[in-house]
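Residue numbers (our numbering): 3 to 135. Every residue gets a Cβ at the ideal spot worked out from N, C-alpha and C, and that includes glycine. For reference, the structure discussed in these notes is given below.
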Amino acid sequence: RGPGATNASAGVHIAMQDSVPMILFIGQVASHAKEREAFQEVDYKRFFGDIAKWVVEIDDATRIPEFVTRAFSVATSGRPGPVVISLPEDMLTSEVEAPAALPHTPVETRPGEAELDAAQMLLANAKRPFVIL
């Protein structure tokens with residue numbers, strides 16, 4: 003939490019550069035103390051915003067499963083990279099009724115063997131092939 007969480011910035015930056023999916027959970031001051039210069043309060047969206055794919059602060063404990071599911075999707079889709087989730091102190095102690103996070107299956111972003119074979123056949127059988135790369 004707080005300034006100590008900034009020690010993770012090197013790992014987040016490297017994960018972004020190397021396209022490594024990563025989810026970082028960081029503690030935050032309680033919601034009622036936000037924007038009051040509370041002890042160890044850091045604006046994580048501003049701090050990690052340029053080096054992570056997505057930075058979010060959860061403000062409603064019932065939405066934790068939704069945000070965690072989205073975080074896995076963002077971290078693994080397209081060009082993989084890091085996601086930072088900030089959890090205010092009161093979110094960590096709240097008891098809520100919420101559905102479990104949905105399992106996430108990464109989307110394959112490159113063609114498989116069958117798709118490559120089909121494309122090769124189309125090109126081989128084309129009378130006037132035209133390809134844009």
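- Segment contact: the stretch 121 to 132 against the stretch 66 to 75, fewer than three CB-CB distances shorter than 8 angstroms; contact not assigned.
- Thr71 is the residue among Thr71, Gly13, Glu117 whose C-alpha sits nearest the C-alpha of Ala102.
- With fewer than 16 other CB atoms across the displayed protein chains lying within 10 angstroms of its CB, Gln19 is exposed.
- When secondary structure is reduced to three states using DSSP, Pro131 falls in the coil class, being assigned neither helix nor strand.
- Cβ-Cβ distances below 8 angstroms link Ala121 to Pro113 in the same chain, with the five nearest sequence neighbours on each side left out; the list follows chain order.
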